[in-house]
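The structure appears below as structure tokens.
In the numbering used here, the protein residues as written are 11 to 57.
Okay, here's the thing in structure tokens:
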């Protein structure tokens, strides 16, 4: 059964978002939320 393309991209986007959220949670747990947010800002802005 072929997955309709209309379902594929939202599913991929949700999966990636969940993975990123879990990674952010792990990073925050290790280094603390302040540092995690700073790292996130650097990654998002590219520096």
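The beta carbon of each residue, even a glycine, is placed where N, CA and C say it ideally should be.
Since we're looking at a predicted model, the values are computed, not measured.
Remark: C-beta atoms of residue 46 and residue 34 approach each other more closely than 8 Å. Sequence-distant Cβ neighbours of residue 38 in its own chain, meaning closer than 7 Å and more than five residues away, are 46. Residue 50 sits in a helix when the DSSP states are folded into three classes. Under the three-state reduction of DSSP, residue 39 is assigned to helix.
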